[in-house]
Amino acid sequence: MCYTFFCCDHKKVQTRESNNITLDSLQNVCRNSLFTSKGFEESYLLKKEAESHDNDLYIGFAYKYMMLTAMNTLQEDSIYIFAEKAKYHFGKTDEEDQSFNVDIALIEWEMQYKSKQTALDKATELLEKIDDNKLNELYTYELISNIYNIMGRMEEAESAFNKMMQIKCEYDIQLKGQLPYIFLRGAQMTTDLQKYEQSLAYCDSAQTYIKEYYNSDTNQALLILLNLNKANNFIGLERLDEAKAALDSLDVIIEGDKSNGYYYYIEGIWAKYYYITKNYQKALDRIEPTITYFRETSNIPNYVKSQDQKILILTGIQNFKDAYELKAKISTYSDSLAIVDAHQQLNELQTIYQTDRLRSKAEQDALKLKNTHNIIISLVITCLLLLITAIIVIRYSAILKRKNKKLFLQYKEQDKQKEGLKNIIIYNEKERSHLALFDKIELYLNESQAYLDPSISREFVAAQIGTNRQYLTEAIQAGKNMTFMEYINDFRLNYSCHLLSQKTDLSIEDIYINAGYNNKTTFYRLFKQKYDLTPKEFRKIALNYNPSSPK
1 MCYTFFCCDH KKVQTRESNN ITLDSLQNVC RNSLFTSKGF EESYLLKKEA
51 ESHDNDLYIG FAYKYMMLTA MNTLQEDSIY IFAEKAKYHF GKTDEEDQSF
101 NVDIALIEWE MQYKSKQTAL DKATELLEKI DDNKLNELYT YELISNIYNI
151 MGRMEEAESA FNKMMQIKCE YDIQLKGQLP YIFLRGAQMT TDLQKYEQSL
201 AYCDSAQTYI KEYYNSDTNQ ALLILLNLNK ANNFIGLERL DEAKAALDSL
251 DVIIEGDKSN GYYYYIEGIW AKYYYITKNY QKALDRIEPT ITYFRETSNI
301 PNYVKSQDQK ILILTGIQNF KDAYELKAKI STYSDSLAIV DAHQQLNELQ
351 TIYQTDRLRS KAEQDALKLK NTHNIIISLV ITCLLLLITA IIVIRYSAIL
401 KRKNKKLFLQ YKEQDKQKEG LKNIIIYNEK ERSHLALFDK IELYLNESQA
451 YLDPSISREF VAAQIGTNRQ YLTEAIQAGK NMTFMEYIND FRLNYSCHLL
501 SQKTDLSIED IYINAGYNNK TTFYRLFKQK YDLTPKEFRK IALNYNPSSP
551 K
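Take the sequence shown: its letters are residues 1 to 551, numbered as in the UniProt record's numbering.
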């Protein structure tokens with residue numbers, strides 16, 4: 001009998017171990033499928049298997065992987081549903097850290113794709129909920145530091161980073177393989193704060209831990225980050241030989257592979273190096289693809305930084321016109337981002353105000369039923385409301401003050417370039433008359449369709465608008481950056497496209513003649529040059545998208 005009980009217990013242990021092996025295997029598959037089309041499918045299989053064994057921990061893991069897959073595929077509506085289900089099942093186990101990890105992932109997603117201010121508020125709220133778990137507290141400060149960093153609030157980012165390091169040292173938390181990344185983040189922050197020597201010290205610490213925890217086959221990304229930070233610091237300290245050595249090391253690692261995301265960060269630092277060494281053309285050649293990459297990947301902070309670097313380069317080569325226009329474009333772009341943040345802050349203040357107002361009204365309605373002593377209570381409540389309103393006003397005034405200070409610093413920085421930009425103002429005065437004349441030319445051609453006349457000439461158009469051929473040519477160059485005939489052909493080609501797509505009863509020969517061309521070969525060449533299509537190909541595409549065109 002004893003043997004029988006032993007065998008039963010032994011079989012149960014074997015079954016549990018077998019179940020865990022199966023669940024662990026499915027979990028590994030889920031981890032590897034997060035960025036693929038099979039992410040949901042594999043997570044669903046893990047959920048079904050875990051449910052068959054009534055295992056809340058692995059059910060929670062399944063929903064967590066569904067949440068991460070939804071994040072990677074930007075399925076916003078599903079993210080929070082999966083997150084709540086994951087936390088529900090984790091809450092039925094002793095794995096509180098798993099629920100914490102879900103919260104961290106949600107905040108990181110909010111930071112990357114939604115509102116950085118909301119992400120910061122949620123991270124601060126999460127920090128307040130942590131009960132004596134120093135490791136989770138450390139990770140939360142790391143997240144807060146990262147959010148401040150992305151928002152450009154570098155001093156607050158450094159403060160949160162220092163609190164994280166204080167917790168690590170005070171409680172001797174062993175982070176091991178994470179240490180290189182932590183010190184590299186500290187290096188990046190202190191570089192942005194222009195604390196170059198301190199940043200290099202962080203780089204030295206990171207390099208030590210890279211050698212300790214990573215071998216040569218797995219540390220390529222870390223070495224890239226290390227040399228990126230070193231190169232930035234050496235440039236900031238004007239130790240240019242060391243900066244070039246670090247950049248050369250990066251080129252050796254990357255080997256010109258543009259599919260490697262670090263390639264464009266390296267190009268941006270090369271642009272800084274060439275700007276400092278006054279090799280402006282090379283600096284411009286390096287910064288252009290960097291700007292394109294950051295724009296296409298929606299990396300807003302680095303996109304703005306790259307554009308600022310280009311402005312400095314353009315000023316260096318005395319291309320004040322393009323520098324001025326780019327500065328205006330970036331200022332408008334930055335202002336639009338600031339307006340979005342301001343609207344969000346105003347909405348938050350409005351919510352606070354409305355909540356307090358409704359609460360006050362409910363209290364006042366209840367006080368009407370009481371005796372004369374209620375008058376005193378009503379006065380107290382009124383005072384409290386005034387105090388709350390005053391606090392809101394003071395708080396908002398402080399926000400405005402900080403914003404005004406930031407604007408002042410921006411204008412102060414712009415003053416440094418004022419001398420160079422004076423030339424742009426002079427240039428703009430000269431251009432203004434040309435652009436006014438160009439508007440007259442544009443209006444005349446649109447209304448008269450004189451461009452359809454094959455014999456049209458500069459002299460004829462100049463006479464029609466009351467100017468001479470020289471001013472006419474300069475105005476078209478200023479307004480369109482074209483010669484007179486390029487400008488006329490542009491009108492004719494646009495008119496040809498209209499006929500090709502709308503007048504399908506006309507032959508192509510009729511169309512080019514109606515558009516003002518005498519020569520079919522010239523028409524075909526110019527059409528192909530502008531649209532990269534032949535007229536026949538263009539008409540075919542137009543018919544596919546506009547089948548109701550008149551036959």
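Ideal Cβ placement from N, Cα and C applies to all residues, glycine included.
In this structure, how does DSSP classify residue i when only helix, strand and coil are distinguished?
i	result
His-89	helix
Tyr-531	helix
Tyr-80	helix
Ile-488	helix
Asp-453	coil
Leu-437	helix
Tyr-171	coil
Asn-544	helix
Lys-163	helix
Asp-257	coil
Tyr-353	Only weak support exists for where Tyr-353 lies, its pLDDT of 36 falling under 50; the coordinates are left without a value.
Glu-348	Per-residue confidence for Glu-348 stands at a pLDDT of 41, beneath the threshold of 50, marking its modelled position as unreliable; no derived number is given.
Asp-308	helix
Glu-238	coil
Thr-483	coil
Asn-279	coil
Asn-20	helix
Gly-316	helix
His-53	coil
Tyr-324	helix
Arg-539	helix
Leu-193	coil
Arg-525	helix
Gly-268	helix
Lys-114	coil
Leu-516	Per the sequence shown, residue 516 should be read as Gly rather than Leu. Looking at Gly-516 - three-state DSSP - the assignment turns out to be coil, as it is neither helix nor strand.
Short check: CB of residue i to CB of residue j, under 9 Å?
i	j	result
Ile-210	Leu-222	yes
Tyr-487	His-434	no
Ser-205	Phe-183	yes
Leu-23	Glu-42	no
Ser-78	Ala-86	no
Ile-150	Lys-195	no
Lys-122	Leu-138	no
Lys-47	Met-67	no
Pro-311	Leu-284	It should be noted that the sequence gives Ile, not Pro, for residue 311. No. Outside cutoff.
Gly-177	Tyr-202	no
Phe-438	Gly-466	no
Phe-538	Phe-527	yes
Ala-450	Gln-464	yes
Gly-516	Ile-441	no
Phe-491	Arg-458	no
Here's the rule: buried if 16 or more other CB atoms are within 10 angstroms of the residue's CB, otherwise exposed. What is residue i?
i	result
residue 555	Because the chain in this structure spans residues 1 to 551, residue 555 falls outside the shown range and cannot be described.
Asn-489	buried
Asp-532	exposed
Asn-136	buried
residue 553	The chain is shown from 1 up to 551; residue 553 falls before or after that span and cannot be answered.
Phe-460	exposed
Ser-331	exposed
residue 560	It is not possible to answer for residue 560, since the shown part of the chain is limited to 1 through 551.
Tyr-293	buried
Gly-39	buried
Pro-454	exposed
Leu-443	exposed
Val-393	exposed
Leu-400	exposed
Cys-30	buried
Ser-52	exposed
Ser-145	buried
Thr-69	buried
Asn-494	exposed
Ile-224	buried
Would you please verify whether the beta carbon of residue i is less than 9 Å from any beta carbon of chain D?
i	result
Glu-509	The structure shown has no chain D; it contains just one protein chain.
The ligand GTP and residue i: does the residue's C-beta get closer than 8 Å to at least one heavy atom of that ligand?
i	result
Leu-445	This structure lacks the ligand GTP, and indeed carries no ligand of any kind.
Taking contact to mean 3 or more Cβ pairs, one atom from each stretch, closer than 8 Å, check whether the region 211-230 and the region 171-189 are in contact. yes
Touch check for the region 250-261 and the region 271-288: three-plus C-beta pairs under 8 Å? no
Taking one C-beta from the region 286-297 and one from the region 250-257 each time, how about it: are there three or more such pairs within less than 8 Å? no
Tell me whether the region 115-133 and the region 166-173 touch, counting them as touching only if at least three CB pairs, one residue from each stretch, are closer than 8 Å. no
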